[in-house]
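Below you'll find the structure, written out as structure tokens, and then a few comments.
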Amino acid sequence: MRRKETTCGYCGCGCGIYVNMADDGTMLGVTPSYNHVVSQGKLCSKGWHGFAFVKDSRRLSSPLIRQSDGSFREASWEEALEKVATGLKAAMTGGDNTNAIGVVTSARCTNEENFMLAKLARAGLKTSSIDHCARL
Amino acid sequence: MTNSIDEVSDADLILVIGSNTTEQHPLVGTRIFEALEKGAQLYVVDPRKIRLTDFAHAYAPIEPGTNLAFINAMIQVIIEEDLVDQHFIETRTENYEAVKASVAHCTPEWAAPITRLSAETIRQFARTYAKTDKAMILFTMGVTQQTTGVKSIRALANLAMMTNHVGRPSTGINPLRGQNNVQGAGDMAALPNYLPGYQWPEWPETKERFSKVWGDFSCLRGNNIIQMFDLMDEGIMKAMYIVGENPVLSDPDQTHTIHALEKIPFLVVQDIFLTETARYADVVLPAASFLERDGTYTNTERRVQLIRKVIEPVGDCKPDWVIINEIMKRIGMTVDYESPAQVMDEINLLVDSYGGITHERIQEVGLQWPCPTKDHPGTPILHVGEFKRGKGLFTVNDWELIGDQRSEAFPFILTTGRVTHHYHTGTMTRKIWTLDREYPKGFVEIHPKDAADLGIREHQEVRITSARGTITAPAMITDRINEKTVFIPFHFAEIPVNRLTGRNLDPIINIPALKVSAVRIEVAS
Chain A
1 MRRKETTCGY CGCGCGIYVN MADDGTMLGV TPSYNHVVSQ GKLCSKGWHG FAFVKDSRRL
61 SSPLIRQSDG SFREASWEEA LEKVATGLKA AMTGGDNTNA IGVVTSARCT NEENFMLAKL
121 ARAGLKTSSI DHCARL
Chain B
1 MTNSIDEVSD ADLILVIGSN TTEQHPLVGT RIFEALEKGA QLYVVDPRKI RLTDFAHAYA
61 PIEPGTNLAF INAMIQVIIE EDLVDQHFIE TRTENYEAVK ASVAHCTPEW AAPITRLSAE
121 TIRQFARTYA KTDKAMILFT MGVTQQTTGV KSIRALANLA MMTNHVGRPS TGINPLRGQN
181 NVQGAGDMAA LPNYLPGYQW PEWPETKERF SKVWGDFSCL RGNNIIQMFD LMDEGIMKAM
241 YIVGENPVLS DPDQTHTIHA LEKIPFLVVQ DIFLTETARY ADVVLPAASF LERDGTYTNT
301 ERRVQLIRKV IEPVGDCKPD WVIINEIMKR IGMTVDYESP AQVMDEINLL VDSYGGITHE
361 RIQEVGLQWP CPTKDHPGTP ILHVGEFKRG KGLFTVNDWE LIGDQRSEAF PFILTTGRVT
421 HHYHTGTMTR KIWTLDREYP KGFVEIHPKD AADLGIREHQ EVRITSARGT ITAPAMITDR
481 INEKTVFIPF HFAEIPVNRL TGRNLDPIIN IPALKVSAVR IEVAS
């Protein structure tokens, strides 16, 4: 068995956890971090159990594109990303796009990802309309 | 938080207002219990008899949406009884006299009928808070999600400043962030009115600083999430990119939200599951979860901590930063980030409070911002000796009643929230059987007296109707909820309580009053 230290991804406490894995990489469970400055070896029910959604069979596993009949079909990353770029560029007006394009980001994303999304919105898509769930 | 989680254990008084701490921030909850064991007092303000009230020395079962009247009355009592710290006010703050004049009429007797509390309860809270040396305020969305949300926070700041409860250990005003990286998402300006580091986009020096690294960029005060959905509904907004959010369940007025999602010409949703929102997308991008990628989260005490890739991304999923990087390149931006650590280098450059926080430094223990330089130890307590702006600013926050109120047609107030074992819209926790078995379905909490009046039995299906819509839920009859008040958690897609909530907004920052909706209740036939 091996284990890797990380930070719990649920509430704002930010507790320290170790994820225990079998040699083949299967996640076995979570152990609290005894020296962590916030959690000091304790965890709540979400901390103990919250990793188990990761391998759920309902996880999205491939990009999806909507077809003309309304249903989704699986697509390659290349095709999906190209479609995203084309769709976003089509909405750009040539000037400021604050009322034309919106970006909604997430408290689930890391600092680095949120920074990149702020840069993508303002410097790439030329829109100042970017927000996340802090209000909700 | 102005202060740190560790300090909760050493407080002499913990004033919890609008926070179900043991259920929503359990590891802050344990610190409250540590403080109680050392002899601290616990004062709780909440419309529900949450678990903490079982241990509280005083409990104020407040009417939802009236925190501002309560806080202003506390301030009036503290001034009236001369419990203020005159030295702190004179040396560290400004505009105190304006606040003093503005709350002169806010006596406990004035606030009592508004808050449905006794004047004596309000006096007790005010006196104990003012007289206790190490008094710490904890709050969450129970204060913010109402039409006077911003004013209530500012009033809490008034309260803390006038009693010298800022800038010292085990004091301060401490919002507990409900999601793992709400703090960091705000810090990184996933906000329409700021650039990263809460820098105003229209300031010339900020503009210059960012344009050196970002090139030309949009520097307006943009539309917030509520305004964006209005623009979508009006057909003005043409494209929307949603990452890791589920507004169909989390945003107010679900009918309006769905209509806007149906109307937008181009919608991209990036998530780990096909959420209720992703079903409306033109393109869905499968993302990696927090166990499948590297980066940092900033917790509620401003501590920047590493998350590590524990396993490889499932299926064909990619980390969000990889996907965003690809989109940046494909719309023509000249960037190519190779790792989250490289993005952090750019953050160090542009955000002073993160200036010294590198991935290398936080391998063992996270650092609390502000941490401006590579040898700075981080900042556990804000506003020590001096406020960030210099003098602490007292603000006038007059009570007003806007948004939903009880009426003949809608005689109940509905308030919303979470339960211990679930998280937000349940996308993850409802798929974990050990958590889901604890709360497999939603419910509506209703007081025994109201249930008797309406002929509602335990577990009976009840119809709840607001001016926006109707849902049904099984009744949970409990005296933990105030009379004429009901509570419904928002985790459950089959009981979408945000079909009932409205877009009654705080006029200053547009937070919706999700905690205050007028509804009527009846037995579902």
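Same order as they appear, the protein sequences are chains A and B. Per the UniProt record's numbering, the very first residue in the first sequence carries number 1; after that it's consecutive. Per the UniProt record's numbering, the very first residue in the second sequence carries number 1; after that it's consecutive. From the three backbone atoms N, C-alpha and C, an ideal C-beta is built for every residue, glycine too. Here the structure is a predicted model, which means the values were calculated and not measured.
Residues in the same chain with beta-carbon distance under 6 Å from B:Val284, minus the five sequence neighbours each way, listed in chain order, please. The sequence position of residue 284 of chain B within the second sequence is 284, counting from 1. Contacts found: Val269, Ala278.
Based on Cα-Cα distance, which residue from B:Leu68, B:Val248, B:Ala111, B:Leu13 lies nearest to B:Arg499? The count along the second sequence starts at 1 and reaches residue 499 of chain B at position 499. With distances taken between Cα atoms, B:Arg499 lies closest to B:Val248.
With a Cβ-Cβ cutoff of 9 Å, do B:Ala157 and B:Thr395 count as a contact? Taking the second sequence and counting its residues from 1, the one referred to as residue 157 of chain B is at position 157. Taking the second sequence and counting its residues from 1, the one referred to as residue 395 of chain B is at position 395. Cβ atoms of B:Ala157 and B:Thr395: closer than 9 Å.
Is the beta carbon of B:Lys329 less than 9 Å from the beta carbon of B:Pro319? Taking the second sequence and counting its residues from 1, the one referred to as residue 329 of chain B is at position 329. Taking the second sequence and counting its residues from 1, the one referred to as residue 319 of chain B is at position 319. With respect to the 9 Å criterion, B:Lys329 and B:Pro319 are not classified as neighbours on the basis of their beta carbons.
Step through the CB atoms of chain B and report whether any lies within less than 9 Å of the CB of A:Leu28. What you label residue 28 of chain A is simply residue 28 of the first sequence in a count that begins at 1. Cβ-Cβ to chain B under 9 Å: no for A:Leu28.
The region 408-428 of chain B: which residues have C-beta closer than 9 Å to a C-beta of chain A, in chain order? Listed by position, the residues of the region 408-428 of chain B near chain A (Cβ gap below 9 Å) are Thr420, His421, His422, Tyr423, His424, Thr427, Met428.
Whole angstroms is fine: what's the gap from B:Glu7's alpha carbon to A:Gly70's? Working through the second sequence from its first residue, we reach residue 7 of chain B at position 7. Working through the first sequence from its first residue, we reach residue 70 of chain A at position 70. About 54 Å.
So what's B:Arg520 in DSSP terms, helix, strand or just coil? Counted from its first residue, the second sequence places residue 520 of chain B at position 520. Residue state, collapsed to three classes: strand.
Check whether the Cβ of A:Met1 lies closer than 9 Å to any Cβ atom in chain B. Translated into the one-based positions of the first sequence, residue 1 of chain A becomes position 1. Taking Cβ atoms only, chain B never reaches closer than 9 Å to A:Met1, which makes this a no.
Looking only at its own chain, which residues have a Cβ that is under 8 Å from the Cβ of B:Gln124, when we skip the five neighbours before and after it? Taking the second sequence and counting its residues from 1, the one referred to as residue 124 of chain B is at position 124. Closer than 8 Å at Cβ, skipping near neighbours: Ala58.
Give me, in chain order, the residues of the same chain whose beta-carbon lies closer than 8 Å to that of B:Thr255; leave out the 5 immediate sequence neighbours on both sides. By one-based count along the second sequence, residue 255 of chain B stands at place 255. Cβ neighbours of B:Thr255 beyond the five flanking positions: Arg468, Gly469, Arg499.
Throw me the rounded Cβ distance for the B:Leu454 and B:Ile521 pair, which I believe falls under 8 Å. Translated into the one-based positions of the second sequence, residue 454 of chain B becomes position 454. Translated into the one-based positions of the second sequence, residue 521 of chain B becomes position 521. Contact holds; Cβ gap of about 6 Å.
Any alpha helix (DSSP H) of 4 or more consecutive residues that is wholly inside the region 9-95 of chain A: 45-49, 77-91
Please say whether B:Gly172 and B:Ile381 have beta carbons closer to each other than 9 Å? For this step, residue 381 of chain B is matched to residue 381 along the second sequence. For this step, residue 172 of chain B is matched to residue 172 along the second sequence. Cβ atoms of B:Ile381 and B:Gly172: closer than 9 Å.
If we ignore side chains and look at the alpha-carbon of each, how far apart do B:Cys106 and B:Met74 end up? Along the second sequence, read from residue 1 onward, the residue named residue 106 of chain B stands at position 106. Along the second sequence, read from residue 1 onward, the residue named residue 74 of chain B stands at position 74. Going by the C-alpha atoms only, they are around 9 Å apart.
Identify the continuous beta strand (DSSP E) that holds B:Glu445 and give its terminal residues. Against the second sequence, residue 445 of chain B aligns to sequence position 445. Looking at the DSSP string, the run of the beta strand (DSSP E) that includes B:Glu445 is 444-446.
Under 9 Å (Cβ pairs) to chain B, residues found in the region 6-22 of chain A: Thr6, Thr7, Cys8, Gly9, Tyr10, Cys11, Gly12, Cys13, Gly14, Cys15, Gly16, Val19, Met21
Under the assumption that A:Asp131 contacts B:Asn224 (Cβ atoms under 8 Å), give the Cβ distance between them as a whole number of angstroms. Here residue 131 of chain A refers to the residue found at position 131 of the first sequence. Here residue 224 of chain B refers to the residue found at position 224 of the second sequence. That belief holds up - the Cβ atoms of A:Asp131 and B:Asn224 are roughly 5 Å apart, short of 8 Å.
With three or more C-beta pairs closer than 8 Å as the rule, is the region 5-21 of chain B touching the region 74-92 of chain B? no
Taking Cβ positions, are B:Thr425 and B:Phe490 nearer each other than 9 Å? Numbered from its first residue, the second sequence carries residue 425 of chain B at position 425. Numbered from its first residue, the second sequence carries residue 490 of chain B at position 490. Yes, the pair counts as a contact, with Cβ atoms nearer than the cut-off.
Report yes if the C-beta distance between B:Thr429 and A:Cys13 is below 9 Å; otherwise report no. Locating residue 429 of chain B in the second sequence gives position 429, counting from the first residue. Locating residue 13 of chain A in the first sequence gives position 13, counting from the first residue. It is not a contact, given that the beta carbons lie outside the stated cut-off.
Quick check on B:Met136: does DSSP put it in helix, strand or coil? Counting from 1 along the second sequence, the entry for residue 136 of chain B is found at position 136. Taken through DSSP and simplified to helix, strand or coil, B:Met136 comes out as strand.
Within this structure, are the beta carbons of A:Thr7 and B:Gln305 separated by less than 9 Å? Here residue 7 of chain A corresponds to residue number 7 of the first sequence, with the count starting at 1. Here residue 305 of chain B corresponds to residue number 305 of the second sequence, with the count starting at 1. The beta carbons of A:Thr7 and B:Gln305 sit closer together than 9 Å.
Looking only at DSSP bridge pairs, what is B:Leu306 linked to? Mapped onto the second sequence, residue 306 of chain B falls at position 306. B:Thr296.
Determine, using beta carbons only, whether A:Thr31 comes closer than 9 Å to chain B. To locate residue 31 of chain A, count along the first sequence from 1; it is residue 31. For A:Thr31, the answer is no, since every Cβ of chain B falls outside 9 Å of its Cβ.
Which same chain residues, not among the five before or five after A:Ser106, have their C-beta less than 7 Å away from its C-beta? Mapped onto the first sequence, residue 106 of chain A falls at position 106. Around A:Ser106: His132, Cys133.
Using a beta-carbon distance below 9 Å, is B:Trp321 in contact with chain A? Counting from 1 along the second sequence, the entry for residue 321 of chain B is found at position 321. Taking Cβ atoms only, chain A reaches closer than 9 Å to B:Trp321, which makes this a yes.
Quick one, which of B:Ile331, B:Ser525, B:Glu208, B:Thr485 has its alpha-carbon nearest B:Ser517's? Taking the second sequence and counting its residues from 1, one reaches residue 517 of chain B at position 517. In terms of Cα proximity to B:Ser517, the closest of B:Ile331, B:Ser525, B:Glu208, B:Thr485 is B:Thr485.
I want to know whether the region 334-346 of chain B touches the region 114-122 of chain A - three or more CB-CB distances under 8 Å. yes
Closest residue to B:Leu68 among B:Ile122, B:His25, B:Thr22, B:Arg51 (Cα-Cα distance): As a working note, residue 68 of chain B is residue 68 in the second sequence. In terms of CA proximity to B:Leu68, B:Ile122 leads the group B:Ile122, B:His25, B:Thr22, B:Arg51.
To the nearest angstrom, how far is the alpha carbon of B:Asp316 from that of B:Ala287? Looking up residue 316 of chain B in the second sequence gives position 316. Looking up residue 287 of chain B in the second sequence gives position 287. Each residue's Cα considered, the two are about 9 Å apart.
Assigned secondary structure, B:Lys391 (DSSP; H/G/I helix, E/B strand, else coil): As a working mapping, residue 391 of chain B is identified with position 391 in the second sequence. In this structure, B:Lys391 counts as coil in the three-state DSSP scheme.
Cβ closer than 8 Å: which chain A residues qualify as neighbours of B:Ile456? For the purposes of this step, residue 456 of chain B is taken as the residue at position 456 of the second sequence. Near B:Ile456 there are no residues of chain A at all, since even the closest Cβ is about 30 Å away, more than 8 Å.
Can you give me the C-alpha to C-alpha distance between B:Ile153 and B:Tyr198, rounded to a whole angstrom? In the second sequence, the residue the question calls residue 153 of chain B occupies position 153. In the second sequence, the residue the question calls residue 198 of chain B occupies position 198. Distance between the alpha carbons of B:Ile153 and B:Tyr198: 18 Å.
When the Cβ atoms of the region 74-82 of chain A are set against those of the region 56-66 of chain A, are three or more pairs found closer than 8 Å? yes
Among B:His383, B:Thr420, B:Arg418, B:Thr465, which residue has its Cα nearest to the Cα of B:Arg406? As a working note, residue 406 of chain B is residue 406 in the second sequence. Nearest of B:His383, B:Thr420, B:Arg418, B:Thr465 to B:Arg406, Cα basis: B:Thr465.
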